[in-house]
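Visitor:
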(Lines of atoms letter the chains of each structure in order from A and count residues from 1; the text may use other names and numbers.)
(Lines give C-alpha, C1' and ligand atoms only; values in the text may rest on other atoms or scores of the structure.)
Protein backbone atom coordinates (compact mmCIF):
# COMPACT_ATOMS: atom_id res chain seq x y z
CA UNK A 1 0.00 0.00 0.00
CA UNK A 2 1.40 3.43 -0.88
CA UNK A 3 0.19 4.92 2.42
CA UNK A 4 2.58 4.77 5.34
CA UNK A 5 2.24 6.33 8.75
CA UNK A 6 4.33 6.64 11.88
CA UNK A 7 4.01 8.06 15.34
CA UNK A 8 7.02 10.41 15.67
CA UNK A 9 9.05 11.16 18.78
CA UNK A 10 6.75 13.14 21.12
CA UNK A 11 9.37 15.92 21.28
CA UNK A 12 8.46 16.87 17.69
CA UNK A 13 4.97 17.99 18.75
CA UNK A 14 3.44 15.81 16.02
CA UNK A 15 1.21 12.89 17.02
CA UNK A 16 0.92 11.22 13.62
CA UNK A 17 2.69 11.61 10.29
CA UNK A 18 1.29 10.01 7.15
CA UNK A 19 3.00 9.79 3.77
CA UNK A 20 1.38 8.97 0.45
CA UNK A 21 3.68 7.66 -2.30
CA UNK A 22 3.21 5.92 -5.63
CA UNK A 23 -0.31 5.50 -7.00
CA UNK A 24 -3.07 5.93 -4.42
CA UNK A 25 -6.65 4.77 -5.05
CA UNK A 26 -9.78 5.77 -3.07
CA UNK A 27 -10.27 2.35 -1.42
CA UNK A 28 -6.79 2.63 0.15
CA UNK A 29 -7.62 6.03 1.60
CA UNK A 30 -10.90 4.72 3.07
CA UNK A 31 -9.10 1.72 4.63
CA UNK A 32 -6.40 4.00 6.01
CA UNK A 33 -8.92 6.42 7.54
CA UNK A 34 -10.80 3.63 9.25
CA UNK A 35 -7.58 2.19 10.64
CA UNK A 36 -5.96 5.42 11.79
CA UNK A 37 -9.07 6.63 13.61
CA UNK A 38 -8.74 3.56 15.80
CA UNK A 39 -5.25 4.57 17.03
CA UNK A 40 -6.71 6.98 19.57
CA UNK A 41 -10.16 7.06 21.15
CA UNK A 42 -9.95 10.84 20.98
CA UNK A 43 -7.83 13.14 18.83
CA UNK A 44 -8.57 16.16 21.06
CA UNK A 45 -5.52 18.42 21.07
CA UNK A 46 -3.53 16.12 18.81
CA UNK A 47 -1.59 17.26 15.75
CA UNK A 48 -1.35 15.26 12.55
CA UNK A 49 0.67 15.83 9.40
CA UNK A 50 -0.28 14.38 6.03
CA UNK A 51 2.33 14.46 3.26
CA UNK A 52 1.80 13.71 -0.40
CA UNK A 53 5.18 12.86 -1.88
CA UNK A 54 6.02 14.79 -5.05
CA UNK A 55 5.78 11.49 -6.97
CA UNK A 56 2.38 10.49 -5.49
CA UNK A 57 -0.33 9.91 -8.07
CA UNK A 58 -4.08 9.68 -7.59
CA UNK A 59 -6.16 7.20 -9.56
CA UNK A 60 -9.95 7.16 -9.55
CA UNK A 61 -10.47 10.28 -7.45
CA UNK A 62 -13.58 11.80 -8.95
CA UNK A 63 -16.33 13.62 -7.10
CA UNK A 64 -18.01 10.36 -6.00
CA UNK A 65 -14.79 8.96 -4.51
CA UNK A 66 -13.96 12.16 -2.66
CA UNK A 67 -17.55 12.30 -1.36
CA UNK A 68 -17.20 8.73 -0.04
CA UNK A 69 -13.93 9.57 1.72
CA UNK A 70 -15.58 12.62 3.31
CA UNK A 71 -18.53 10.48 4.44
CA UNK A 72 -16.23 7.90 6.07
CA UNK A 73 -14.36 10.68 7.83
CA UNK A 74 -17.64 12.19 9.08
CA UNK A 75 -18.38 8.95 10.95
CA UNK A 76 -15.46 9.83 13.24
CA UNK A 77 -16.43 13.47 13.84
CA UNK A 78 -16.63 13.23 17.63
CA UNK A 79 -13.22 11.61 18.00
CA UNK A 80 -11.57 14.18 15.70
CA UNK A 81 -12.96 17.35 17.29
CA UNK A 82 -10.14 19.55 18.54
CA UNK A 83 -7.44 18.05 16.32
CA UNK A 84 -5.13 20.19 14.21
CA UNK A 85 -4.39 18.69 10.81
CA UNK A 86 -1.95 19.95 8.16
CA UNK A 87 -1.66 18.49 4.68
CA UNK A 88 1.27 18.91 2.31
CA UNK A 89 0.42 18.71 -1.37
CA UNK A 90 3.20 19.94 -3.68
CA UNK A 91 1.39 18.88 -6.87
CA UNK A 92 -1.64 20.76 -8.16
CA UNK A 93 -3.80 17.62 -8.39
CA UNK A 94 -3.15 16.63 -4.76
CA UNK A 95 -3.69 20.20 -3.60
CA UNK A 96 -6.99 20.35 -5.49
CA UNK A 97 -8.13 16.98 -4.13
CA UNK A 98 -7.52 18.09 -0.56
CA UNK A 99 -9.27 21.43 -1.06
CA UNK A 100 -12.29 19.59 -2.53
CA UNK A 101 -12.27 17.21 0.43
CA UNK A 102 -12.33 20.19 2.80
CA UNK A 103 -15.32 21.69 1.02
CA UNK A 104 -17.23 18.39 1.25
CA UNK A 105 -16.12 17.46 4.75
CA UNK A 106 -16.46 20.70 6.73
CA UNK A 107 -14.32 19.17 9.50
CA UNK A 108 -14.78 19.89 13.23
CA UNK A 109 -11.04 20.41 13.51
CA UNK A 110 -8.49 22.83 12.16
CA UNK A 111 -7.34 21.70 8.72
CA UNK A 112 -5.09 23.53 6.28
CA UNK A 113 -3.42 22.53 3.02
CA UNK A 114 0.10 23.65 2.15
CA UNK A 115 2.50 23.29 -0.75
CA UNK A 116 5.57 22.64 1.44
CA UNK A 117 6.28 20.54 4.53
CA UNK A 118 8.02 23.47 6.19
CA UNK A 119 4.96 25.74 5.88
CA UNK A 120 2.71 22.95 7.19
CA UNK A 121 4.95 22.35 10.22
CA UNK A 122 5.16 26.09 10.95
CA UNK A 123 1.36 26.30 11.06
CA UNK A 124 0.85 22.96 12.80
CA UNK A 125 3.27 23.73 15.62
CA UNK A 126 2.32 27.37 16.04
CA UNK A 127 0.16 26.67 19.10
CA UNK A 128 2.82 24.39 20.60
CA UNK A 129 5.34 27.22 20.32
CA UNK A 130 2.89 29.70 21.91
CA UNK A 131 2.18 27.31 24.79
CA UNK A 132 5.91 26.79 25.41
CA UNK A 133 6.73 30.49 25.18
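Residue numbers (my numbering): 4 to 136. Virtual Cβ for every residue (Gly too), placed ideally from N, Cα, C. Note that the structure is predicted; figures quoted are calculated from it, not measured.
1. Restricting to runs no shorter than 3 residues, where is the beta strand (DSSP E) found entirely within the stretch 76-115?
2. Report the CB separation of residue 52 from residue 31 in whole angstroms; it is logged as a contact under 8 angstroms.
3. Using CA atoms only, rank isn't needed, just tell me which of 127, 118 and 108 is closest to residue 96.
4. Check this for me: beta carbons of residue 71 and residue 111, under 8 angstroms apart or not?
5. Closest to residue 101 by CA distance: which of 54, 15, 129 and 35 is it?
6. Report yes or no: is there a C-beta of chain D within less than 8 angstroms of the C-beta of residue 60?
7. Going straight from the alpha carbon of residue 25 to that of residue 80, what length do you get?
8. Using the Cα positions of residue 58 and residue 7, report the straight-line distance between them to the nearest angstrom.
Guide: In short, the structure shows the following:
1. 87-91
2. Along the chain shown, read from residue 1 onward, the residue named residue 52 stands at position 49. Along the chain shown, read from residue 1 onward, the residue named residue 31 stands at position 28. 19 angstroms between Cβ atoms; not a contact.
3. Translated into the one-based positions of the chain shown, residue 96 becomes position 93. Residue 96 has its Cα closest to that of 118, out of 127, 118 and 108.
4. Position 68 of the chain shown holds residue 71. Position 108 of the chain shown holds residue 111. Contact: no.
5. As a first step, residue 101 must be located in the chain shown, where it is residue number 98. The shortest Cα separation from residue 101 among 54, 15, 129 and 35 belongs to 54.
6. Note that chain D does not occur in the displayed structure, where there is just one protein chain.
7. In the chain shown, the residue the question calls residue 25 occupies position 22. In the chain shown, the residue the question calls residue 80 occupies position 77. Their backbone Cα atoms lie some 29 angstroms apart in a straight line.
8. Here residue 58 is taken as the residue at index 55 of the chain shown, counted from 1. Here residue 7 is taken as the residue at index 4 of the chain shown, counted from 1. Cα to Cα, the separation comes out at about 14 angstroms.
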